[in-house]
Each structure stands twice: as C-alpha cells, then as structure tokens.
Amino acid sequence: MLTYILRRIVLIIPVLIGLSLLVFAIARLLPGDPIQLAAGPNASPAEIADLAREFGLDKPLPVQYWNYVTGLVTGDWGQSIFTRRAVAEDLKVYLPATLELVFTAMFLAILIGIPAGLTAAVYRNRWPDYMSRVVSLGAISMPRFFLGLLLQIGFAMWLGWLPLGGRFPLTEDPPAFVTGFLTIDSLISGDLRAFGITLQYLALPAFAMCLSPLATITRMMRASTIEILQQDYVLTERALGLSSRLILFKYVLRNAMSATLTVIGLYVGWLLGGTVLVETVFDWPGLGLYATKAIVTQDFMPVIGVTIVIGGIFIISNLIVDLLYGILNPKVRYE
Amino acid sequence: MTTLAEKVPASATSSRWENARRGFYRFRNSWLSIAGLLIVLVLFIIAVIGPSIVPYPEHVAGSVSTATRFQPPSALHWFGTNELGQDVFSLVVAGSQISLLAGLAVVAVGALVGTLVGAVAGYFGGWTDEVLMRLADLKLTVPSLILAMAVAAALGPGILNMVIAISISWWPGYARLVRGEVIAKKEEMFVQAARALGAGTGRILRRHILPNILTPVIIKMSLDMGFAILTVASLGFIGIGVKPPTPEWGSLLSIARTYMPDYWWTAVFPGSAIFLAVFGFNLLGDGLRDVFDPKARR
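Protein chains in written order, with full-length UniProt numbering: chain Y, 1 to 335; chain C, 1 to 298.
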C-alpha cells in the first residue's frame, strides 16, 4: 500500500511538468502583446523594452520557461504585470476563498445527492424516479450564472434574506487569518457571530454551484445502486431474510459509493475551473474572479498560476479518489 | 467473389436499419425523449426562419430607439425592451441562430479532431497511442473554461475565434471514446478479413471500423450539444467571445445584470432561452443514449 502511494506520488511529477509546459506554451504562443498593453498606448519603444527586460520577457522562450519552472519550485510564481504584486501572494489569498466555496457546494451535493439517488433506484420507474430524472437533467441544463442571478433577485433583492454578493461585509471585523477559510477561522477564534455572517454570504453562491454536481451524483448513485441491487449476493441476502433496510444501508450503499466517488473526484477539479461564473455573479473574491481580470488584460503570470494550481488540485484529488477506492472496495488491491 | 463482396455490406446496412427501427420504437416510448426532440426541432426551426420573421429586424441589426427604453412585456413587445429600447423578443429569437451554430461548430470540430486522434491512437497502439493519450489526459487536467477564456481573449472577439477557443479543450473526450471502441473493433473477424483481402490502413479505418463506432460518437455529440451551448453562453456572459451588437444569449444576460431587479425581463428571457435549449438537447441526448446503450437502459 505504502509503495503504491509513493509510486503514484512520484508519477505526478511528469504530469505536473507536462501541465506547466502546456500552460506556458499556450500563454506565450498566443497573439497579443501584454507588455504593450501594460506600458500603455503612449509608451516609447525604449520604455517597452525596459518593461520587457524587467519581467524577463526579452530572453528566448526556453530560458523563460526554465526561469519560470525554477521559480515555481522555490515559491516565486512570477509577478502580475499590472498590479506588480507577486502571484504566489495573491494565490494565497484567493485560493482559500474558492476552495471554501467549492467544498461547501460539494458537501451540499453529496448530502442531498446520495440519498436522492438511492431513493430513485429503490423506486425505479415510479414517480420518485421520474421526478429525480427530470429535476437532475434540469439542474444540469441550468446555466449557473442565470441561476445565481435568479437567486439574487429572489433571496437578496425581493426577500432581502441574504446578502447580494461578496464574501464578508466591510463593516464587520473578519476573523483572524489562520487557514484563510472564514468558516474555520471564525470557529477557531470562537467568533460565532462571524461564523453566522460567513454562512449567510456562502449560502447563495454555494447553492448555485452545487446544483450540477448534485444532479450528476444523483444519477450516478441511481445507476450504480440499480446495478448492485441486481447482484446475486443481494438476492442471497434477501433469501436469508435480511431486512431491506439492512441490505440497502449496509451492503448496497457501500458498493454503490465507489462508482460515485470517481465522479466526486472529477467534479472537484471541474468545479474549481467553473467557479469563474459563480464568482463573477456573486462578486466572490476567489481564483475565478482573479483569473478573469488577468485574462481580460492578458496578464499571463496570474493566468498560468491559477491554471497550474487548479490542474494540480485536480490531479491530487484524483489520486485521493484512487486511494479511497481501496478502502471502500476491498476487491481493489494495491501492488 | 465480386457478388459476395457486394452482398455483405447490403445485409449489414439492412441490419443497421432494423436496429434503428427498433431504437426509434424504444425512443418513442419515453415521453421525456420526445419532449427533448420537440424542443430541439422547434429550436432549429426558430434558428432558421426566426431572424426573417422577428417583429423588429432593425433592432437585431443594432439600431436603437431610446424613446422606448425598458418597456415591460406587452402585446407590442412580448419580452419587453432593453436599455437601448430594443425588442428583447427579437434579440432572443435572433440569438438562437448564434447559439445553435456555435454549439454545432464546437461539437463538430471536437468530434472530428477527437475521432481522428482516437482512431489513430487505438489502431496503431504502441508509442503513438501513449503520446496521444497522455496529451489528451493532460488536456483534461487544464480547466477548460479558463483555457477557453484565455484563448478567446487572446484571439479577440468574434464567433469563429470563440469556436476555436472552446474546441481546443473539447476533443480529448472523443479521443478517449473512439480509442476504446477502435481497440475493441480492430480484432473483430471482419477487420481481419478486410486486412487479408489486402485493404490498406486508411480503408480499414474509414470503411470498416468507423461506421461501426459511429453510434457512440453521435450519442456523445447530442449529449455535448447542450453543454457546448452552455459554454458559448458562459463566455458571452463573462464578456469574452461574441460582443454586442451581435445578439448572443450570454452577453444579453450579462448586460441585463446591471438593471436588476426592476427590469427583470431583460435577464429572465435570454436566461430561460439558454436553459430551454440546453435542457432540450440534454433530454434528447439522454433518450438516444438509453436507446443505443443497453447498459444505461434498465
């Protein structure tokens, strides 16, 4: 088991190198001159050349890549051409905000999706099943930015129950920075008021975001539960007189979970990339909003940084899912 | 010998026809799939004839009438008017053409490139397979929306540039699918027979393997259409991709955001159009998959 984990971790390195190469190539080979944009329309050629030298953009591409990769390892992720802030510092602030949103959405999706899928499978081809199919297809089809907008109109503008956007009000004192997750930080400092405020701000964006993983988890859970309910061992258990509830919760649920787990792992990465839309609607100060601003101004160091962070988390979450397989399903042996 | 060679494909075609007939029977039995088919059909009809029958074609072309700003929905303006006094109904109808066209283009390019890569990787195997598939895996780790945004921003606004930007991250799914199917099919007797008769690699792939793996590709395309339309609208919403005055659903919604909640109709109608289009394609694709994929049908 330990050798397996170690081997998988070592195998991540070439993937990360490939990822950095790919992202770097895309960022540098595209048309558009960020230096020209940053220097402004009235900059003289000498000023542009100075700026290019300052950011190391006058060197040949392989040298630029080498400098970038060695920087990545040592914690120097480059600098934004516009704000002149270090990308690594920015990421430290924005990543927890996005992760907090993604994890909350994922938590909601799992909490609702697994029982919903189980119910649909047990009542297969009866009305709860049809309901769950229509609702989950509808949920997948709903543009997250439109849903976000509708939630804002309903809950923030008309009812006034929840805040319109943002992460924490400027008028309140945020909890002391420990992890960057406001929910955790406020609990650590014992500030229940701040915790409540944080949850209020999280509610609408997290709900807008959880809908499509919720739908997918429900459908995956339904399909795998149906498959397992038809296995011979379930029939044997029935013949032995075990109660339906015991069979369902002790034997079926555990086996049906392993297929669903893959989807959950894939979705963490997908949600991270997709936060852009929800963050734009709710003005959530996370990676997505940061990336959008950088993309519009063709400020490529932040774009590369965000892409590598998201790609890296995606790779790691897939690894965790693979390892969890073994715990849920003893048939999978690691060699 | 010649007569035999001619006879075999004829019976294969008729058995394929028989399968399609049975499939259609199963498809008809699900009212959800029929609803999806109807939505998609209506959408295509609107996209084709809509722009020529809209009540205010001049608004679609970009003209404004500030005297009639922010009119609520009425008999004159079914979906109301926007901040420029343009008829929202006309814009939404005209927008269907752009969304459908862009969605189709993205899926077609993705399927074409992916099928080519997957077929080559699956058929030749070895290091070709290894290189192409690792490349596809790598593509899957890069967040597709951010990649599309970066490429679209660099290429500049326009429908064609947006299609290119989205297609770049679209092909790996097809490559994986086709590769698996090709690997399964290339060991079949009819492929061995074709090879024994002296058929070249290109001919075997084109005439013998590809027709047999077309069904899953088409199903994936129909499932992907909804998601492609959604991605196009997402880019429009962020403000990258299609720019006004071209009436694109996502960018209409993005402008309307500023005027919430008083002028809700400027956002609700384009948003509902995106939802309906995506929903229709998802229902249709789901129905098709149930028909052709015996494993998913239970």
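Note that CB positions come from ideal geometry on N, CA and C, so glycine has one too. Because the structure is a prediction, the values reported are computed rather than measured.
Put simply, the backbone Cα of E47 of chain Y is about 11 Å away from that of E54 of chain Y.
When Cβ-Cβ separations below 8 Å define contact, P143 of chain Y makes contact with chain C. Per DSSP, the beta bridge partners of A86 of chain Y are Y:Q79.
Looking at the backbone, the Cα of A120 of chain Y and that of R26 of chain C are separated by about 21 Å.
Bridge partners of D87 of chain C according to DSSP: C:T81. Under the 10 Å beta carbon count, W270 of chain Y is surrounded by 16 or more other beta carbons and is classified as buried. Contact between M221 of chain C and V107 of chain C holds: CB atoms are separated by about 5 Å, below the 8 Å threshold.
A distance below 8 Å between beta-carbons, with the five flanking residues on each side excluded, links G312 of chain Y to the following residues of its chain, in chain order: L16, L19. Cβ-Cβ distances below 7 Å link H208 of chain C to F190, V191, A194 in the same chain, with the five nearest sequence neighbours on each side left out; the list follows chain order. Against G138 of chain Y, the close residues of chain C are F275, F279, N282, in the order they occur along the chain (beta-carbon pairs closer than 9 Å). Inter-residue distance for D173 of chain Y and V278 of chain Y is about 25 Å (C-alpha atoms, whole angstroms). The beta carbon of D224 of chain C is closer than 6 Å to those of V107 in its chain, skipping five residues each way along the sequence. Of all C-beta pairs linking the region 62 to 80 of chain Y to the region 176 to 189 of chain Y, fewer than three are shorter than 8 Å, placing the two stretches out of contact. Identification of chain Y residues near P261 of chain C by a Cβ-Cβ cut-off of 7 Å yields I153, M157, W158, ordered along the chain. Under the Cβ distance rule, T141 of chain C counts among the residues neighbouring chain Y, one pair being separated by less than 8 Å. Note that the C-beta distance between Q97 of chain C and P51 of chain C is below 8 Å. Here W17 of chain C is exposed, its C-beta having fewer than 16 other C-beta atoms within 10 Å.
Taking a beta-carbon distance threshold of 8 Å, A150 of chain C counts as an interface residue toward chain Y. For I315 of chain Y, at least one C-beta of chain C is nearer than 8 Å to its own C-beta.
Shortest Cα-Cα distance from G202 of chain C to any of C:L91, C:V120, C:S74 involves C:V120. With a cutoff of 8 Å on beta-carbon distance, I264 of chain Y and I81 of chain Y are scored as not near each other.
Boundaries of the alpha helix (DSSP H) harbouring F146 of chain Y: 144 to 151, taken from the DSSP string. I238 of chain C reaches chain Y at F145, V276, L277, T280, T292, I295, V296, counting residues in chain order whose Cβ is nearer than 9 Å.
Counting the other Cβ atoms within 10 Å of the Cβ of N19 of chain C gives fewer than 16, which makes it exposed. Straight across, the Cα-Cα distance linking I213 of chain C with G287 of chain C is about 19 Å.
One finds A150 in chain C with Cβ atoms closer than 8 Å to the Cβ of A27 of chain Y, taken in chain order. Considering only Y:Y94, Y:L147, Y:T262, the residue with the shortest C-alpha distance to L182 of chain Y is Y:Y94. Taking every protein chain shown into account, the CB of G103 of chain C has 16 or more other CB atoms within 10 angstroms, so this residue is buried. Inter-residue distance for L100 of chain C and E248 of chain C is about 11 Å (C-alpha atoms, whole angstroms). For I164 of chain C, no chain Y residue has a C-beta closer than 9 Å to its own C-beta; the minimum C-beta separation is roughly 11 Å. At a cut-off of 8 Å between C-beta atoms, A47 of chain C does not count as an interface residue with respect to chain Y. Shown here, E187 of chain C sits in coil according to DSSP, grouped into three states, outside any helix or strand. Look at I48 of chain Y: its C-beta is not under 8 Å from any C-beta on chain C. Going by beta carbons, V306 of chain Y and Y290 of chain Y fall inside the 8 Å limit. For L324 of chain Y, the nearest beta carbon of chain C is not closer than 8 Å to its own beta carbon.
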